[in-house]
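Residue numbers (my numbering), protein chains in the order written: chain G, 1 to 114; chain W, 1001 to 1110.
One structure below.
See the structure below:
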């Protein structure tokens, strides 16, 4: 049973560039959430996708955008990268029903902006 | 006030002792509560979920929930050096997002 998979695992970008991160949810899951985790902090909610629509968004600027595909996989795009965007980006998947749904994380994508 | 608050630690306990990790949350409507463990350089992994007041035990781990006090805790019995990690408390209210605390670093001394 494949878990949540993310790519790439590590990447280095220059300020002002754009980055795309990819995620495939756990088998049987149809909901994908993205989190940003800075060093020494807890994961911060960016947004959640369900049925190919952004269902809820955290306190992140419009430079952060996403997409969900019919096979439930998802992409996170960040434009005009800032040094402060350097972080671990985590994808989490869950089922669609109920508040008791548990989210499961992928291994994450480490982004360094220089 | 932060939505989910945890003591950042580090919490240091000797091997074999009980480690007690605490978390408070601000939204009284919160319905689901989770504990995740995160090793350095790795992603968070789920330890336990709890939804009702009281205790829930799973092996060496016990989660405790008190909704009246807006308080969640995690007890780790017979702590092992391999338990040394950051423990993240997470809460979901009526919406779709799961909110995380900043985590408590636990260090178990051999």
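For each residue, glycine too, the CB sits at the ideal point set by N, CA and C.
Keep in mind that this is a model prediction, so the values were computed, not measured.
Boundaries of the beta strand (DSSP E) in which residue i is found, first to last residue
i, result
"residue 103 of chain G", "Element bounds for residue 103 of chain G: n/a, residue is neither H nor E."
"residue 1085 of chain W", "1085 to 1092"
"residue 1109 of chain W", "1104 to 1109"
"residue 1076 of chain W", "1071 to 1076"
"residue 1063 of chain W", "1061 to 1066"
Nearest-angstrom beta carbon gap, residue j and residue i [assumed within contact, 8 Å]
i, j, result
"residue 37 of chain G", "residue 87 of chain G", "6 Å"
"residue 1062 of chain W", "residue 1086 of chain W", "So it is not a contact: roughly 19 Å between Cβ atoms."
"residue 1067 of chain W", "residue 1053 of chain W", "6 Å"
"residue 31 of chain G", "residue 96 of chain G", "5 Å"
"residue 42 of chain G", "residue 1009 of chain W", "Actually they are not in contact, since the Cβ atoms of residue 42 of chain G and residue 1009 of chain W sit about 13 Å apart, beyond 8 Å."
Beta-carbon proximity check, residue i vs residue j, cutoff 8 Å
i, j, result
"residue 17 of chain G", "residue 83 of chain G", "no"
"residue 3 of chain G", "residue 104 of chain G", "yes"
"residue 92 of chain G", "residue 49 of chain G", "no"
"residue 73 of chain G", "residue 27 of chain G", "no"
Residue i (DSSP reduced to helix, strand or coil)
i, result
"residue 88 of chain G", "strand"
"residue 1081 of chain W", "helix"
"residue 1046 of chain W", "strand"
"residue 111 of chain G", "strand"
>> Output needed in chain order: residues of the stretch 1042 to 1055 of chain W with a Cβ under 8 Å from some Cβ in chain G.
In response: 1042, 1043, 1044, 1045, 1046, 1049, 1051
>> So if I threshold CB-CB distances at 7 Å, which residues from the stretch 1011 to 1037 of chain W count as touching chain G?
In response: Answer set for the stretch 1011 to 1037 of chain W: 1031, 1032, 1034.
> Of all the residues that make up the stretch 40 to 58 of chain G, which are near chain W by a beta-carbon distance shorter than 8 Å?
Replying inline: 40, 41, 42, 43, 44, 45, 48, 50, 55, 56, 58
>> At a CB distance below 9 Å, what residues from the stretch 20 to 40 of chain G approach chain W? Give them in sequence order.
In response: Listed by position along the chain: 31, 33, 35, 37, 40.
> Which of the residues in the stretch 1066 to 1091 of chain W, read from start to end, lie with their CB under 7 Å from any CB of chain G?
Replying inline: 1088
> Given a limit of 7 Å on CB to CB distance, which residues of the stretch 72 to 106 of chain G reach chain W?
Replying inline: 90, 99, 100, 102, 103, 104, 105, 106
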